Amino acid sequence: MQLSKITNIAAGLLAIFLFGTTAIARDYYQLPGVVHVHTTYSSGRYSIKELVAKADEKKLGVLILTDHDRVAMEYGLFPLRYLIKKREEKNSVLRVGPDIYLSEIKRLNTQQDAVLVIPGVQSSPFYYWRGNPFGQGLTAYDYRKELLLIGLTAPDDYYNLPQLHGGFSTRYMRDLLPRFLIFFAVFLLSVYLLFQKGKFRIGGLVVALLSIGLMINHHPFKSSRFDPYHGDQGTAPFQEVINYAKSRGGLVFWAHPESNYSKNGVRMGPIKMVTEHYPDELIDSNNYTGFAAIYGDSSSAASAGMHWDQILMDYCRGRRDQPVWAIAGSDFHEEQNGVELDTLQTIFLVNDKRSQDVLQALERGRIYAVQKSKDSRLSLDQFNVKEKSSGKAADMGEEINVTGTPIVEGRISVLDGSRQDVTVSIVRDGKQTWAFEGQTPLDFHLVDQDGWTGKTFYRLDVKSKTGGYLLSNPIFVTRKNG
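FYI, the numbering for the sequence shown is 12 to 493, going by this note's numbering.
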């Protein structure tokens with residue numbers, strides 16, 4: 012092994028040497044896949060069948076589709092915003108029909124077994140308006156603050172999503188009914204007036220028409236308890252979708268939290284759409300599965316000590332019930348400008364190529380994220396933490412209790428077997444504890460002799476000189492005093 016530089020940032024002792032291994036975990040094999048893929052059901056160029064053929068050609072084993080659940084925006088005039096309104100809607104799963112979407116996925120999985128297709132959607136639960144609707148200053152904020160909902164398998168799971176502009180729902184009837192009843196009471200008064208004479212009867216007719224319009228406008232069967240006319244509602248609209256999807260057995264990932272697409276505004280006809288970076292939502296929300304840490308834009312949320320580490324440290328200190336995991340979010344629409352279907356991959360550690368195995372790997376953090384360089388992909392052949400005295404070990408997403416000295420072991424290679432210069436950083440408890448450079452295939456064996464106690468985590472990221480990037484998920488280690 013060639014090692015050009017070794018930096019031990021913590022006080023612990025670092026030892027590195029070669030050892031022979033090729034398996035990353037005890038009984039798992041690596042299944043390459045792509046998460047966040049669009050098809051012709053929404054904004055993608057290719058059909059599901061065409062994408063399966065492309066994935067097979069590139070030796071991908073999994074495609075997780077995330078077509079837009081609904082692509083709709085509307086602006087209504089006060090006081091009858093839901094009656095006097097302008098609406099724009101584009102193709103989406105809910106427009107075509109989730110039953111059709113799910114049936115095609117099921118049919119393709121039955122017809123072939125080279126590529127496993129898993130259903131999901133990209134959801135924009137909320138946005139809000141600012142500006143003048145009669146000029147060029149009307150702006151929609153936060154439309155691209157989006158979630159990936161993965162593994163929902165029933166059409167009703169999609170029809171009942173708690174989002175703006177959905178179908179009829181009784182979910183919020185208790186909250187919305189009081190306002191409706193006020194207008195209903197006014198309507199009853201108007202009925203009384205209709206049976207009077209003269210001006211009372213005319214007034215009753217006017218009040219009846221207005222109250223009917225307001226009852227329709229404020230009916231209690233809305234799909235969301237929010238609307239786009241009362242400003243920023245914080246995390247609440249997104250948390251409702253997260254909790255809903257999790258209650259239906261789905262997995263939820265924040266999509267591209269530092270996307271630059273509409274940070275400075277994108278004009279769509281007479282309106283402007285703005286979504287600023289939202290990595291703070293990773294900290295403010297809870298109960299979700301993970302987030303896209305690698306995608307088309309640069310991201311700081313997975314840097315040492317930043318948002319992801321803060322969440323993992325909160326979990327270690329008992330302030331969160333569960334950790335969150337990192338994936339590569341492709342947001343793939345078509346092959347163009349050097350972006351291919353397999354440029355951004357999530358590698359799943361599974362026993363078998365079945366939906367339940369892949370979803371379990373996603374849920375439990377047995378995954379790592381990779382961005383390919385032009386002609387090659389980094390591979391994490393091994394990454395675990397073991398106790399020096401007992402030899403017991405934990406892999407990504409797992410937890411281990413130790414009494415002695417933790418040892419961090421790993422092996423990094425390039426899938427085609429080529430030798431590439433790489434820089435490796437290992438983060439412990441939000442701090443870059445070790446950093447070193449070497450050439451693949453690179454094996455490391457790190458003895459952590461720091462005297463820390465409590466619960467912590469180890470994770471690694473790897474950058475190649477050719478532009479490749481690899482990000483592992485964490486391993487949690489608990490060590491008590493004495």
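For every residue, glycine included, the Cβ atom is placed at its ideal position computed from N, Cα and C. Keep in mind it's a predicted model, so treat the numbers as computed, not measured.
Check: CB Phe455 to CB Glu420, shorter than 9 angstroms?
Finding: Counted from its first residue, the sequence shown places residue 455 at position 444. Counted from its first residue, the sequence shown places residue 420 at position 409. Contact: yes.
| said: Between which residues of its own chain and Tyr480 is the CB-CB distance below 6 angstroms, once the five residues before and five after are set aside? | reply: Mapped onto the sequence shown, residue 480 falls at position 469. Closer than 6 angstroms at the Cβ level, and outside the excluded window around Tyr480, lie Gln382, Lys474.
Threshold first: 3 residues or longer. Then list the beta strand (DSSP E) segments lying entirely within the region 430-492, N to C.
Residue ranges of uninterrupted beta strand (DSSP E) with 3 or more members, entirely inside the region 430-492 and ordered along the chain, are 432-439, 442-450, 453-458, 465-475, 480-482, 486-490.
Would you identify the three-state DSSP class for Asp162, choosing helix, strand or coil? Here residue 162 refers to the residue found at position 151 when the sequence shown is read from its first residue. As written in the sequence, residue 162 is Gly, which differs from the Asp given in the question. In this structure, Gly162 counts as coil in the three-state DSSP scheme.
| request: Would you be able to state if there are at least three C-beta pairs under 8 angstroms between the region 275-290 and the region 341-352? | output: no
- Supposed contact pair Ser296 and Thr246 - C-beta distance, whole angstroms, cut 8 angstroms: As a position in the sequence shown, residue 246 is number 235, starting the count at 1. As a position in the sequence shown, residue 296 is number 285, starting the count at 1. About 5 angstroms separates the two Cβ atoms, so the contact holds.
Check: Counting along the chain, where does the alpha helix (DSSP H) carrying Asp291 start and finish?
Finding: Here residue 291 refers to the residue found at position 280 when the sequence shown is read from its first residue. Asp291 -> alpha helix (DSSP H) spans 291-295.
**Asked** Closest to Glu502 by CA distance: which of Ser401, Asn395, Arg422, Lys69 is it?
**Response** Absent from the structure is residue 502, since the part of the chain shown begins at 12 and ends at 493.
From Gln367, Ala125, Gly146, Lys156, residue whose alpha carbon lies closest to that of Tyr139: By 1-based counting over the sequence shown, the position of residue 139 is 128. Nearest option by C-alpha distance: Lys156.
Margin query: Check for me: the alpha helix (DSSP H) holding Ser234 runs from which residue to which?
Written below: Within the sequence shown, residue 234 is the residue found at index 223, counting from 1. Counting along the chain, Ser234 falls outside any alpha helix (DSSP H), and DSSP gives it neither H nor E.
Requested in this report: Compare the Cα-Cα distances from Gly224 to each of Lys491, Pro90, Gln244 and report the closest residue.
Outcome: Here the question's residue 224 lines up with position 213 in the sequence shown. Comparing Cα positions, the closest option is Pro90.
Among Ile111, Tyr86, Tyr93, whose alpha-carbon lies nearest the alpha-carbon of Glu99? Here residue 99 is taken as the residue at index 88 of the sequence shown, counted from 1. Comparing Cα-Cα distances from Glu99 to each of Ile111, Tyr86, Tyr93, the minimum goes to Tyr86.
Start-to-end residues for the beta strand (DSSP E) that takes in Asp279
For this step, residue 279 is matched to residue 268 along the sequence shown. A small fix is needed here, since residue 279 is Met in this sequence, not Asp. Start and end: 277-279.
Based on the DSSP output, what are the partners of Ile116 in its beta bridges? Here residue 116 corresponds to residue number 105 of the sequence shown, with the count starting at 1. Note: Ile116 sits in no beta bridge, so no partner.
Ignoring anything shorter than 4 residues, give me the alpha helix (DSSP H) runs that lie fully in the region 183-269, in order along the chain. 184-205, 210-228, 247-258
Within the region 66-123, ranges of the beta strand (DSSP E) (whole runs, at least 3 residues): 73-76, 82-87, 96-101
Requested in this report: Just tell me which of Ser58, Ala151, Val48, Ser53 has its CA closest to the CA of Glu287.
Outcome: Locating residue 287 in the sequence shown gives position 276, where the first residue counts as 1. The option with the nearest alpha carbon to Glu287 is Ala151.
Assuming Ser71 and Val45 make a contact with CB atoms under 8 angstroms, what is their CB distance in whole Å? Residue 71 sits at position 60 when you count from the first residue of the sequence shown. Residue 45 sits at position 34 when you count from the first residue of the sequence shown. One detail in the question is off: residue 71 reads as Leu in this sequence, not Ser. That pair is a contact at about 6 angstroms.
Note to self: Given this structure, state the Cα-to-Cα distance separating Asn492 from Ala64, to the nearest angstrom.
What the structure shows: Mapped onto the sequence shown, residue 492 falls at position 481. Mapped onto the sequence shown, residue 64 falls at position 53. Taking the straight line from one Cα to the other gives about 55 angstroms.
| Residues that DSSP places opposite Lys397 in a beta bridge | Reading the sequence shown from its first residue, position 386 is the one you call residue 397. BP columns for Lys397 point to Ala404, Ile418.
task: Measure the C-alpha to C-alpha separation of Gly261 and Leu205 and round it to an integer number of angstroms.
output: Along the sequence shown, one-based indexing puts residue 261 at 250. Along the sequence shown, one-based indexing puts residue 205 at 194. Each residue's Cα considered, the two are about 53 angstroms apart.
Taking the straight line between their C-alpha atoms, what separation do you get for Lys257 and Tyr299? Along the sequence shown, one-based indexing puts residue 257 at 246. Along the sequence shown, one-based indexing puts residue 299 at 288. A straight-line Cα-Cα distance of about 8 angstroms links Lys257 and Tyr299.
His318, enclosing alpha helix (DSSP H) - first and last residue
Here residue 318 refers to the residue found at position 307 of the sequence shown. Start and end: 318-327.
Mapping the DSSP letters down to three states, classify Arg375 as helix, strand or coil. On the sequence shown, residue 375 is found 364 positions in, with the first residue counted as 1. Helix, per DSSP.
Among Gly108, Met226, His230, which residue has its Cα nearest to the Cα of Thr181? Sequence index remark: in the sequence shown, residue 181 carries index 170 (1-based). The shortest C-alpha separation from Thr181 is found at His230.
What are the boundary residues of the beta strand (DSSP E) that includes Leu352?
Taking the sequence shown and counting its residues from 1, one reaches residue 352 at position 341. Looking at the DSSP string, Leu352 is not in any beta strand (DSSP E), and its letter there is neither H nor E.
Item to complete: Starting from the Cα of Val425, find the closest Cα among Ser390, Ala446, Ala404 and give me that residue.
Response: For the purposes of this step, residue 425 is taken as residue 414 along the sequence shown, with counting starting at 1. The shortest Cα separation from Val425 among Ser390, Ala446, Ala404 belongs to Ser390.
**Q.** Alpha-carbon to alpha-carbon, Gly242 and Glu115
**A.** Residue numbering aside, residue 115 sits at position 104 when the sequence shown is read from its first letter. Residue numbering aside, residue 242 sits at position 231 when the sequence shown is read from its first letter. Each residue's alpha carbon lies about 39 angstroms from the other.
Check: Just reading off the beta strand (DSSP E) that Gly301 is part of, what are its end residues?
Finding: Within the sequence shown, numbered from 1, the residue matching residue 301 stands at position 290. Where Gly301 is concerned, the enclosing beta strand (DSSP E) starts and stops at 301-305.
Hey, is the region 122-137 in contact with the region 168-181, meaning 3+ C-beta pairs nearer than 8 angstroms?
Contact between the region 122-137 and the region 168-181 is established, with three or more Cβ pairs separated by less than 8 angstroms.
Discussion item. Would Gln147 and His79 be called neighbours here (beta carbons separated by less than 9 angstroms)?
Written reply: Here residue 147 is taken as the residue at index 136 of the sequence shown, counted from 1. Here residue 79 is taken as the residue at index 68 of the sequence shown, counted from 1. The Cβ-Cβ distance between Gln147 and His79 does not fall below 9 angstroms.
Per the contact definition of three or more C-beta pairs closer than 8 angstroms, is the region 329-349 in contact with the region 442-461? Cβ pair count under 8 angstroms is below three, so no.
Could you give the C-beta distance for His49 and His344, rounded to a whole number, given that I count them as a contact under 8 angstroms? As a working mapping, residue 49 is identified with position 38 in the sequence shown. As a working mapping, residue 344 is identified with position 333 in the sequence shown. Yes, His49 and His344 are in contact; Cβ-Cβ is about 5 angstroms, under 8 angstroms.
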